[in-house]
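Peer 1:
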Amino acid sequence: MKLGIGCDHGAYEYKTEIVEMLQEQGHEVIDCGCYDRKSVDYPDYAEKVANLVVAGDVDLGIVMCGTGIGISMAANKIKGIRCGLCTNTTMARLTREHNDANMLALGQRTTGIEVA
Ligand code: RB5
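Add 77 to the 1-based position in the sequence shown for the numbering used here, that's all there is to it.
(1) State the Cα-Cα distance for the pair MET168 and LYS115, rounded to the nearest angstrom.
(2) Cβ of ASP85 versus every heavy atom of the ligand RB5: is any distance shorter than 7 Å?
(3) Nearest CA to the CA of ALA193: which residue from LYS156, TYR112 and GLU97?
(4) Go to GLY83, then tell me how far its beta strand (DSSP E) extends in each direction, as first and last residue.
(5) What's the gap between the Cα of MET29 and the Cα of THR164?
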């Protein structure tokens, strides 16, 4: 699967681990940043990933911030985006099955890397 990924500074380490894991699983990843711990605005990264999803350049998008709340709100402002903020695997499965989510939001501070 081809995935667009993005985060703010609050989830930089988390994104790095998740990108690595997805690539090991054989997924193609377009990493939209951010690329370090320097403070950035999460809506910018939500928009970069959302635009890839809306354009059909990727199959699905994943965005991350400290809680996943801000970046999911920002993604959902973009027409065509249905971004589900999930804290467990049941929510992730159900947001695909019931909401046809095309983006997933995760929080580094709220969802452990094993669950992610
Ligand atoms: C950044 O400090 C933090 O506010 C952000 O990552 C996120 O948690 C917002 O919802």
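Don't be surprised by glycine CBs; every beta carbon is placed ideally from N, CA and C. Note that the structure is a prediction, hence the values are computed from the model and not measured.
Peer 2: Based on what the coordinates show:
(1) 31 Å
(2) yes
(3) GLU97
(4) 79-84
(5) Because the chain is modelled from 78 through 193, residue 29 falls outside the range shown and cannot be assessed.
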